[in-house]
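Peer 1: Got a structure for you, questions after.
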Ligand code: MRU
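In the working numbering, the protein residues as written are 1378 to 1697.
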């Protein structure tokens, strides 16, 4: 399943706001439509945001806009996932026409996820129960997924795995998107409320945690709110905690503590499934991302292999 398609000079996105009940498309005719789609989370997940923004640059180019201006506007749509900045800058710096570069990025994203899946599946044992948070699946990328890509590969290798999805309040990406993706392929999956993750680790019902990332720095990662609580529980109960992320999600220049954490609308917390669950006028704090320090993370599964934080520089030196 592809989350986006470029056709007749338009970007066609799966509208993730309506899943799992309606599988509809959202069509971007202009780069402003792409900005809207990123802000409103029609398209979401770090790699998918990056590739959609690259096509936003293409739409700006077709309309004859100044690409530096378009780049600035696209970059201001959602601040946390570094893939957005990486993708827009790559189009700006490329010698290729924007469309060729965007199409190359689209294809690379799929190959990258397949490679992450292969490396990640090596750490999965037969009969493992794997907990995941938010949606780092095909829907968060062009296809296949990072954390769910690892799970898919292990499933295809007949490892008889079971998946536990945190619901991922407030927007329910785990419940709405990850559970749906697993069900599409008959991968055994159970949904839990976010607050049950600690209990399940304490009672030995989880063998591994695998999540995605919006940013990987030398001192940790940034990912969907709730990731820190999962990481802390995993450390306490000795459950290996892995992050699956492509190298396009790495920010080697900044600390996790320098990342701008997106604060989203209070309505996302005040309402659940269209129903208001708190008194009118309630003050809300709604940070969309968590900062997870390196000492809580067992390893980062990338398309070039698994990186451990104590061997970070060694890994990048050997890669060159
Ligand atoms: O707010 P979202 O749904 O865009 O947040 C997505 C996540 O936090 C994902 O886990 C992350 O982007 C990695 S996706 C491969």
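C-beta: ideal position from N, C-alpha, C; glycine also.
(1) Could you check if residue 1561 belongs to the surroundings of the ligand MRU, using beta carbon to heavy atom distance under 7 Å?
(2) Could you name the residues whose beta carbon sits closer than 5 Å to any heavy atom belonging to the ligand MRU, keeping them in chain order?
(3) According to DSSP, is residue 1449 helix, strand or coil?
(4) According to DSSP, is residue 1575 helix, strand or coil?
(5) Any heavy atom of the ligand ATP inside 7 Å of the beta-carbon of residue 1660?
(6) Taking residue 1508 as the reference, which of 1552, 1472, 1465 and 1547 has the closest Cα?
(7) From the DSSP secondary-structure annotation, give me the bridge partner or partners of residue 1620.
(8) DSSP puts residue 1383 in a beta bridge; with which residues?
(9) Is residue 1391 near residue 1516, with beta carbons less than 8 Å apart?
(10) Are the CB atoms of residue 1503 and residue 1539 nearer to each other than 8 Å?
(11) By Cβ distance, which residues of its chain are closer than 7 Å to residue 1396, with the 5 residues on each side in sequence left out?
(12) Taking 8 Å as the threshold (C-beta atoms), are residue 1618 and residue 1673 in contact?
(13) Please list, in chain order, all residues of the same chain as residue 1689 whose beta carbon is under 7 Å from its beta carbon, the five residues on each side excluded.
(14) If we call anything under 8 Å between Cβ atoms a contact, is residue 1404 one with residue 1454?
(15) What does the alpha-carbon distance come out to for the pair residue 1695 and residue 1398?
(16) Residue range of the beta strand (DSSP E) that residue 1540 falls in?
(17) Quick one: residues in its chain with C-beta nearer than 7 Å to the C-beta of residue 1579, no 5 flanking neighbours on either side, listed in chain order?
(18) Taking the beta strand (DSSP E) that residue 1597 belongs to, which residues open and close that run?
(19) Considering just the uninterrupted stretch of the alpha helix (DSSP H) at residue 1462, what are its terminal residues?
Peer 2: Straight from the coordinates:
(1) Every heavy atom of the ligand MRU is 7 Å or more from the Cβ of residue 1561, so no.
(2) 1421, 1422, 1423, 1511, 1513, 1517, 1523, 1550, 1589, 1591, 1600 and 1601
(3) helix
(4) helix
(5) As far as ligands go, the structure on display features the ligand MRU and does not contain the ligand ATP.
(6) 1552
(7) 1588 and 1677
(8) 1388
(9) yes
(10) No. Outside cutoff.
(11) Excluding residues within five positions, the ones whose Cβ falls inside 7 Å are 1553, 1554 and 1557.
(12) yes
(13) 1595
(14) no
(15) The alpha-carbon atoms of residue 1695 and residue 1398 are separated by roughly 46 Å.
(16) 1539 to 1543
(17) The residues 1614, in chain order, have a CB closer than 7 Å to that of residue 1579 in the same chain once the five nearest residues on each side in sequence are set aside.
(18) First-last of the beta strand (DSSP E) with residue 1597: 1597 to 1601.
(19) 1459 to 1470
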